[in-house]
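**Student:** Take a look at the following structure, please.
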Amino acid sequence: MTAVIEARGLAKSYGNTRALEGVSFTVEPGRIVGLIGPNGAGKTTALKAILGLTSFDGQLQVLGRDPRAQRDALMQQVCFMADVAVLPRWIRVREALDYVEGVHPRFDRRIAEGFLAKTDIRMSSRVRQLSKGMVTQLHLALILAIDARLLVLDEPTLGLDLLYRRKFYDTLLNDYYDKERTILLTTHQVEEVENLFTDVIFISHGHVTLEASVEDLASRYQQLTVSAERAASARALKPFYEREVFGRVAMFYEGRSAAELGTLGELRTPSIADLFVAKMQGAPS
Amino acid sequence: MSSNIDTPVVAAPAAAVPASQGRMFGTLVALVRREFWEHRGLWVAPLAAAGLLVVFALFAHGHVAHITIEDEDIGGNWGMREALALSTYMQGVVWVVLTIVMAFVLTFYFVDCLYAERKDRSIYFWKSLPVSDGLTVASKIVAGGVVVPFGVLLLAAVTHIVLVSIFAAHAALGQLPRGLIAWNTLTWLRVEGLLFLGVILGILWNLPITGYLLLVSVTSRRNPLMWAMVPFLLALLEFILLRTTYLWTFIHYRMGGIWSVLANGGNLRFVHATQHHMLPLDALWGDLNFYAAFTNLDLWLGVVVAAGLVYAATRIRRFRDDS
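If you're matching them up, the sequences are chains A and B in order. Going by the numbering used here, the first residue of the first sequence is number 1183, and it counts up by one from there. Going by the numbering used here, the first residue of the second sequence is number 2, and it counts up by one from there.
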C-alpha cells in the first residue's frame, strides 16, 4: 500500500527562526498517528505543510499529491480540525450544514444530523450562542459526515472539560475510525489519548527524534524502576534518562533485553508520555 | 448531436464535463449564499432604504398634494406627457437612492470580506473544505459585484411600481390631483433598459476599485477601512505639500469618469429640453452614448488592472501564513 503521507527533508523558516529542519516521516494508511512535541517544536508548521497552508522546502506527498500544487483536489480527501480553525460565530447550525453540503461532494448530511440529534445543539442556533464544547461537537458532526481518507487534528480538544474530551475521542474511535482512514493528531494531553495511537512521531526543535509504531516501542524501549541501592548497577547498563520517583529511580533504556534488566527491578514498557519526557530531557542519542 | 445516440461511448466523456461544471456552479452558489448570511447589510440596507421610500410615499401625500396643487403649472400644462415624465423621474430617483445606499454597503463589504475571516480565525475552517482560493474570491465579486447591483435594480423596479400604485391610489381618493402620475409599460421598460445598461457599465467601471478594496481586505493586519482611505489621504497630502491635485483628479475620474463619457460631457439635449417642458426619462435613449462608454479604452484598461488586483488578492489568500 502507498503511504498516506510521505515527507522527505521538509524545511521551513520564519525569518531567522527555523521551524522545520529536514523533517522526514511516513504515515501509512489506517493508522492513528500522534505527532508529539513541545510548543514551538514545529508540529503546527508540519501540519500546515501537509494541508498546503504554507510554503516549504523539501518533498511532501499527501495521498499521492503535492499539497502546494494540488491543494483543492487534496482537500476532498482530507479533513482538518484545529483549535485555531474556529467555526465563524455568525453562522447558524443549519447554515453550516447547508454550506458544507453545498461545497463538499463527500458530505452526508444525514450523518451530521444524526449526530447532532444526540446533542443539545439546535439547528437554529448561531455558533456564538453555543458553548465551546458544543462548537467542538458541531465541528465533529461535520467531520464525521465527510467521507475522508485523512483526518488532521491539531489540539482539537483544547479548553474543553474532561467529559467533552472523553466523548470526543470515544466518538472518533467508535463512529469514525476504520482501517481505510488515517488520523494524524497533535495534543498536549498525551496521557489521555496515548492508548488511541498506533504510531507516534516525536518532534523537537524542528527535527524528528522518534518515529515508531506502538508495538515497536514495546520492543525498543524499557523502563526499569529500581531501589536507590541498585541504582549504580542499573546505571552501568547506560540508561539514556533517569528520574527519581518516591525514593526509587526510574531508568529508561533503548534496545536492552528483558533478561539483562529484569533481575534488577520492576520492568515495563514506558508510557508514551514518560518516553516523550525521557527523550526530551535525556542526552541526545 | 444525433451521433450521441448512435455512439454512447463518445457521449460518456462529454457528459462528464458538465457534471464537474455543475459541481463548481453548485459550490459557487453555496459560497454566494454564505456571503449574504455573513454580511446581512448587503440585503438589509437596500431593503430598509426601499421600505423608507414606501413609508414616505404613504405618509407624505399631504405635502405633495399641497405643493403640486399650489403650483400653477399643474392646472393648464400638466398633460399625459408630464404625468408620464413624473413617473419616470421617480423610477430614476428610486434607483439612484438605492444605488447610493448600495455604494456605501459594498465599500464596507469588499473591505471586510477577506479581513473578517482572518480576524475571527474562521479562515482555517473555510480552508479545511475543498474550495479553491480563486473560487472564494470570485464568490465575493459575484455577490457584491453582480447579485447585489442587479438585485438593487430589481428592488428599485418593484419599489417604483409600489410608489406609483400609492400615488395612483392617493389620486383616486382625491388626496392628489387626478392625472398627476401616469403609467406606460413601454416607457417603463425603456427606462429599465437604460438602468440595466447603466448597471453593467457601473459594474465594469468600478471593477478596479473593487479589486483594490479586495486587495486591502486580504493584506490588512488591522483596520482595513483606514487602508482603503489611503489614496484620499495621499491626495490631501499632495495638495498640502505641492498645492497640486493630480491624484485627486485621478481618483475623481476613476470614481465617476465614465458617466461623463456616457452623457457626452453633460451636453444633453434632454437637459435643454426639460427647461421648457418635462420629458419622460426614456428620451435619454437618444442622448446617452452607450457605444462611446462601452468602447472606452480606460474602461477596459480598468478591467485589466482589476484582473491583476484580484489575481494578487487570490494568491495572497492562498499563501498567506499568519503564524
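Every residue, glycine too, gets a C-beta built ideally from N, C-alpha and C.
#1: May I have the straight-line CA-CA distance separating G1(B) from G203(B), to the nearest angstrom?
#2: Interface residues of chain A around E39(B) at Cβ under 8 Å?
#3: Any Cβ of chain B within less than 7 Å of the Cβ of F1238(A)?
#4: Nearest CA to the CA of H161(B): which residue from F291(B), F271(B), R316(B), V95(B)?
#5: To which residues does DSSP link R34(B) through a beta bridge?
#6: Classify F320(B): buried if its beta carbon has 16 or more other beta carbons within 10 angstroms, exposed otherwise.
#7: So, is the C-beta of F126(B) closer than 7 Å to a C-beta in chain A?
#8: So, for A1318(A): in the same chain, excluding its five sequence neighbours on each side, which residues have a beta-carbon less than 8 Å away from its beta-carbon?
#9: Could you give the residue range of the beta strand (DSSP E) that holds E1240(A)?
#10: What residues from the stretch 1359–1376 of chain A come within 7 Å of chain B, judged by C-beta to C-beta, listed N to C?
#11: Check the Cβ-Cβ distances between Y1168(A) and every residue of chain B, and say whether any is below 7 Å.
#12: In the DSSP assignment, find the unbroken beta strand (DSSP E) run with Y1499(A) in it and report its ends.
#13: By the criterion of Cβ-Cβ separation under 7 Å, what are the contact partners of D1329(A) in chain B?
#14: Between the stretch 19–36 of chain B and chain A, which residues of the former have CB atoms less than 8 Å from a CB of the latter, in chain order?
#15: With T1407(A) and G1447(A) assumed to form a contact (beta carbons below 8 Å), what rounded beta-carbon distance in angstroms separates them?
#16: Give me the Cα-Cα distance between I68(B) and A157(B), rounded to the nearest whole angstrom.
#17: Using 8 Å for Cβ pairs, my map puts L263(B) next to L196(B). What's the rounded Cβ distance?
#18: Would you say P131(B) reaches chain A, if we count a Cβ-Cβ gap shorter than 7 Å as a contact?
#19: Give me the DSSP bridge partner(s) of M1263(A).
#20: Starting from A121(B), find everything on chain A with Cβ-Cβ shorter than 8 Å and list it in chain order.
#21: Find out if the Cβ-Cβ distance for the pair F1289(A), L1326(A) is shorter than 7 Å.
#22: Could you tell me whether any Cβ in chain B is nearer than 7 Å to the Cβ of D1381(A)?
#23: Looking at the structure shown, is D1343(A) part of a helix, part of a strand, or coil, going by DSSP?
#24: What did DSSP end up calling E1417(A) once you bin it into helix, strand or coil?
#25: Distance check for H171(B) and E73(B), CA to CA, integer angstroms please.
#26: Starting from D113(B) and walking both ways along the alpha helix (DSSP H), at which residues does that stretch end?
#27: Under the DSSP definition of a beta bridge, which residues are partnered with R1450(A)?
#28: Alpha carbon to alpha carbon, how far is A66(B) from R222(B)?
#29: Whole angstroms is fine: what's the gap from W44(B)'s alpha carbon to M1316(A)'s?
#30: So, for E193(B): in the same chain, excluding its five sequence neighbours on each side, which residues have a beta-carbon less than 7 Å away from its beta-carbon?
#31: In whole angstroms, what separates the C-alpha of F168(B) from that of T100(B)?
#32: Between the alpha carbons of G1197(A) and L1269(A), how many angstroms are there, rounded?
#33: What are the residues in the stretch 1285–1318 of chain A lying within 7 Å of chain B by C-beta distance?
#34: Taking the continuous beta strand (DSSP E) assigned at S1395(A), which residues delimit it?
#35: Can you give me the start and stop residues for the beta strand (DSSP E) that M1433(A) sits inside?
#36: Quick check on this structure: which residue in A1413(A), A1400(A), Q1371(A), R1271(A) has the alpha carbon closest to the alpha carbon of S1313(A)?
**Tutor:** According to the data block:
#1: Since the displayed chain B opens at 2 and closes at 324, residue 1(B) lies outside it and no answer follows.
#2: P1270, W1272, I1273
#3: no
#4: V95(B)
#5: None; R34(B) has no bridge partner.
#6: exposed
#7: yes
#8: The sequence shown places Thr at residue 1318(A), rather than the Ala named in the question. P1338, T1339, L1342, Y1346, F1350, listed in sequence order.
#9: The amino acid occupying residue 1240(A) in the given sequence is Gly; Glu does not appear at that position. Here the beta strand (DSSP E) through G1240(A) covers 1239–1244.
#10: none
#11: Within the shown structure, residues of chain A are numbered from 1183 to 1467, placing residue 1168(A) beyond reach of any answer.
#12: Any property of residue 1499(A) remains undetermined from this structure, which presents chain A solely from 1183 to 1467.
#13: Per Cβ cutoff of 7 Å: no residues; D1329(A) is ~12 Å from chain B at best.
#14: R24, G27, T28, V30, A31, L32, R34, R35
#15: 5 Å
#16: Bear in mind that the predicted position of I68(B) carries a pLDDT of just 49, short of 50, making it too unreliable to give a figure here.
#17: Incorrect: roughly 12 Å between the Cβ atoms, too far for contact.
#18: yes
#19: L1335(A)
#20: Contrary to the premise, residue 121(B) reads as Asp rather than Ala in this sequence. In chain order: V1268, P1270, R1271.
#21: no
#22: no
#23: coil
#24: Here the sequence assigns Arg to residue 1417(A), which means Glu is not the residue at that position. Here R1417(A) sits in helix by DSSP.
#25: Reliability of the predicted coordinates at E73(B) is poor, the pLDDT of 44 falling under 50, and no value is obtained from them.
#26: 81–114
#27: Q1405(A)
#28: For A66(B), the predicted model reports a pLDDT of 49, less than 50, meaning its position is unreliable; a value from the coordinates is still stated below. Near 54 Å, if we compare the C-alpha coordinates of R222(B) and A66(B).
#29: 30 Å
#30: A158
#31: 23 Å
#32: 30 Å
#33: V1285, H1286, P1287
#34: 1389–1395
#35: 1430–1436
#36: R1271(A)
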